[in-house]
Each structure stands twice: as structure tokens, then as C-alpha cells.
Amino acid sequence: MGAKQMKCLSSSSPSHTPKEEYIIAKSEDSGELVGNHTEQPQSLEDVVKSSATDPYPGPEHVVKEESSTWEEQLCAQQEQLEKEMQETRKMVSRLQALLLHGSLPEDEQTSTLSFGDTASSEQQLILTRSRLDQSMEESLDLKRELLRYKQEARNLQAVKDALQQRMSVQEDSVLQLKQELLRSSMTREELEGQNVELERKLSERNRLLSEYKKELGQKDRLLQQQQTKLDDALRRISESYHRLSGCENNGYSHMMDTSSAVFQHRMGDELQLVRDALRSLRDSFSGHDPQHHTLDTLEQGVASLVDRLHTSDTKKRPERKGSTRSPGRKANHTDRESWPSTSKIAHSHSSPVLSAAASTKVLYYTDRSLTPFLVNIPKRLGDVTLQDFKAAVDRHGSFRYHFKSLDPEFGTVKEEVFQDDAVIPGWEGKIVAWVEEDHGEGR
């Protein structure tokens with residue numbers, strides 16, 4: 001019996017029958033050991049029954065999975081097979097532990113099976129091989145778990161890398177948003193600063209506008225005052241002219257000459273008063289004020305009016321002399337030569353009333369007005385000096401005088417004249433000049 005058992009243990013069978021026979025033979029030698037191992041077939045059968053009665057996919061489960069795709073079915077079957085393999089491995093490990101130690105791994109028994117001194121070395125070798133197989137199986141399980149854990153670690157590392165990449169992208173996006181927010185904040189602060197500056201400029205402009213309005217009101221009042229003075233001067237000139245006209249039939253030529261001289265003197269004084277008023281009014285405006293054009297037009301109108309009055313008086317004087325002379329009294333040649341000629345009547349240097357017989361037209365420009373001025377100088381072209389031009393222009397202050405002339409080498413040029421007794425050059429029968437204020441710059 002014992003020989004047969006040892007022969008069975010030495011046979012290399014893939015099943016666990018030699019181990020079971022060895023346990024049965026050992027149970028015959030030791031009653032206690034037999035009592036323990038008689039329970040093993042029962043537990044082995046229970047394990048086999050439990051493994052046989054494990055739930056497998058029934059028909060109902062198969063019918064439910066028919067609606068899913070074949071990939072899902074394959075995945076589900078693979079998972080089910082993996083679970084079964086794990087359970088089978090656990091059962092094999094429990095059986096090996098039961099065969100080797102006489103108890104299950106979950107039992108707290110630490111005692112190991114001890115063979116008698118009569119145990120042969122072949123039995124110990126078989127036991128060692130069984131333990132080695134169990135260790136190798138456990139090692140394979142551990143390797144599989146290690147591979148699975150490595151795969152999970154690789155998957156987790158890939159997920160971690162993907163998450164880190166997404167995090168870096170999100171951080172870049174957040175950084176870009178912060179930069180845009182910073183630029184927006186800087187732009188907003190800059191706009192706020194510009195708004196503050198514009199508000200300050202607007203308040204400054206409003207203040208200047210109010211000041212300009214005040215100055216304009218003052219200038220309007222001054223203009224009204226000067227206009228009133230001008231109207232009074234014109235009225236006095238008109239009254240003087242009417243009084244002179246009332247003396248036409250008095251029969252005394254000497255009185256007419258005297259009245260004419262008085263009229264010329266008063267007319268020059270009145271015109272000088274008007275020009276002084278216009279000059280003071282012009283000085284009250286800025287250099288580029290549009291009111292300068294109005295004042296220039298007014299001055300030219302007054303000068304033209306006085307010129308027409310003088311021309312009318314000059315034409316009427318011979319008629320008055322002829323009508324007032326008695327028939328029995330003839331004026332001799334000496335008397336006629338002693339009468340004052342109209343071309344030799346003295347005029348004020350501020351009056352533009354000039355003789356048309358021997359006069360020169362002067363067209364001059366100023367830096368305060370875009371409209372040129374036209375005056376007459378009672379001298380022929382070529383005899384007019386800078387002093388005569390200054391007297392005709394009648395402007396106070398320091399000025400520089402340029403005149404249009406023809407140069408043999410350069411053609412048309414602007415010639416500046418400095419000395420008062422220098423002769424002014426002409427241009428096509430008249431004088432064209434530019435009067436500029438002298439600001440003290442070096443010539």
C-alpha cells in the first residue's frame with residue numbers, strides 16, 4: 001500500500017491527485033492528521049461545486065447584450081474571463097495552501113506540517129517542488145499584478161502628462177488674459193488721464209472764452225465810442241462845408257479864400273482826429289483780428305469822402321470867383337497869379353486829400369490786414385522820399401519799409417529803404433510797399 005502511494009507521488013501528473021493521495025496515506029499513519037485531511041475532499045468538493053455553480057451569463061443576459069455592439073460584448077466577455085481567472089487562481093492558491101499546511105490561508109494557524117523521521121527524501125523533494133510551484137505561481141501572479149500596476153502607472157502618467165499639458169495651456173491662456181487685462185487697465189488709466197486733461201483744457205478754454213467775451217464787450221463799447229466821435233467829426237465837417245457854401249454870394253473873394261483855407265485847415269484837423277481815433281481803436285485789437293479790415297474800410301471811406309468834398313470845393317471855387325466878381329472891376333494878371341492854386345493848397349500830412357495833377361498812388365500792405373491800403377502823395381513818381389511815405393501812412397511805432405522794384409540782374413525784387421531822404425522806387429507808375437513791424441531783430 002505504501003509502495004503504491006510513493007509510486008503515485010513520483011508520477012508527474014498535472015493534476016493535484018498525488019498530493020491528495022499523499023495526504024490520504026499520511027492520514028493512515030497519524031490519526032490526527034487523517035482527521036484533518038478527511039475534511040479536505042469535502043472542502044475541495046465544495047470549492048469545485050462553488051466554482052461550478054458560479055454565475056455565468058444566462059440566456060436572459062445574452063438577450064440583453066444582443067442590442068449592444070460586438071465591441072461591447074467582447075469587452076464584457078474579456079472582463080468576465082479575467083474575473084474567472086482571478087477566482088480560479090485564488091482557489092488554486094487556497095488548495096495548495098491546504099495541501100501544504102493543512103489549513104486555508106485565512107486561518108490563523110501558523111503551524112506547518114511536520115513529517116516524521118521516517119519520511120523519505122523523495123517525499124520532501126515532492127513537497128519542496130510543490131512549494132516551489134506555489135511560489136512560482138505566486139511570483140507569476142505578482143509579476144502580472146506588477147505589469148498591471150505598471151500599465152496603470154503608465155496610463156496614469158499619460159493622463160498626468162495630458163493634464164499637465166492642459167494645465168500649461170490653461171496657464172498660458174490665463175497669463176494671456178492677465179496681460180490683456182493689464183493692457184486694458186493701462187489703456188483705461190490712459191483714457192482717464194486724457195479725459196482729465198481734456199476737462200482741464202475745456203475749463204481753460206471756457207475761462208479764456210469768458211475773458212474774450214469780456215474783452216469783446218469792452219472793444220464793442222470802445223468801438224461805439226469811436227464811432228460816435230467819428231460821426232461827430234463827420235457832422236462837423238458837413239456843417240463846415242455847408243457854412244462854406246453859404247458864403248458863395250458874399251462878393252468878397254478874399255473872404256472865400258480865407259474860408260477855403262479855414263475849411264482846409266479844419267478839415268485836416270477833423271481828419272487827423274478821425275485817424276487818431278481809428279489808430280487807438282486798431283491798437284486795441286490783436287494782430288490778426290478781423291476787425292482791422294472793418295477799420296481799414298472805414299478809414300478809406302472817410303478819406304474818400306473828404307477827397308470828394310475837396311474836389312467839389314475845388315470845382316466850385318472858380319465858379320464862385322467868376323460870379324462874385326463885379327462887371328466894372330476886372331482882375332489883372334497879377335491878382336490871378338496871387339490866388340492860391342488848388343494844386344498848392346497845404347494839406348495835413350495825415351490827410352489823403354491829394355491833388356490829382358501831380359500825385360502818385362501808393363499801394364501798401366501791413367502785417368495786420370490782408371487788404372491793401374491806397375493813398376496818394378502830392379509828388380511825382382521819382383520825387384517821393386521815405387519821409388513823404390511815412391507822412392502819408394502816418395503810423396506810430398518802429399516799422400520796416402519794403403518797396404517793389406525792378407532790378408536789372410534779378411528782375412522783380414523787394415527793396416528795403418532805411419534813410420528818410422532816399423527816393424522810393426516805383427513800379428508801373430505807382431508805388432507798391434510793405435509795412436512790417438520791427439521787433440528788434442538784427443537786420
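By the UniProt record's numbering, the letter at position 239 of the sequence shown is numbered 239, and the numbering carries on one by one without gaps. Don't be surprised by glycine CBs; every beta carbon is placed ideally from N, CA and C. Just so you know, these numbers come straight off a predicted model, no measurement behind them.
In the DSSP assignment, Y364 is bridged to F373, A433. Assigned with DSSP and collapsed to three states, T385 falls in strand. When DSSP states are grouped into helix, strand and coil, S120 belongs to the coil group.
Sixteen is the threshold: since fewer than 16 other Cβ atoms of the shown chains lie within 10 Å of the Cβ of E190, the residue is exposed. The beta carbon of T297 sits closer than 8 Å to those of T371, all from its chain and outside the five residues before and after it, given in chain order. Residue burial annotation: V174 is exposed, with fewer than 16 other C-beta atoms found within 10 angstroms of its C-beta. In the three-state DSSP reduction, D296 falls in the helix class (H, G or I). DSSP, read as helix, strand or coil, puts D283 in helix. It is roughly 15 Å from the alpha-carbon of V393 to the alpha-carbon of L273.
Taking C-beta atoms as the reference points, T360 and I377 count as a pair closer than 7 Å. According to the DSSP assignment, S405 belongs to the beta strand (DSSP E) that extends over 399–407. DSSP lists L406 as the beta-bridge partner residues of T412. Less than 7 Å divides the Cβ of E416 from the Cβ of H402. Beta-bridge analysis with DSSP links W427 to K430. Closest in C-alpha terms to F418, from the list D141, V435, F410, comes V435. Linking Q165 to L181 through their CA atoms gives a straight-line distance of about 24 Å.
Linking L208 to E437 through their CA atoms gives a straight-line distance of about 27 Å.
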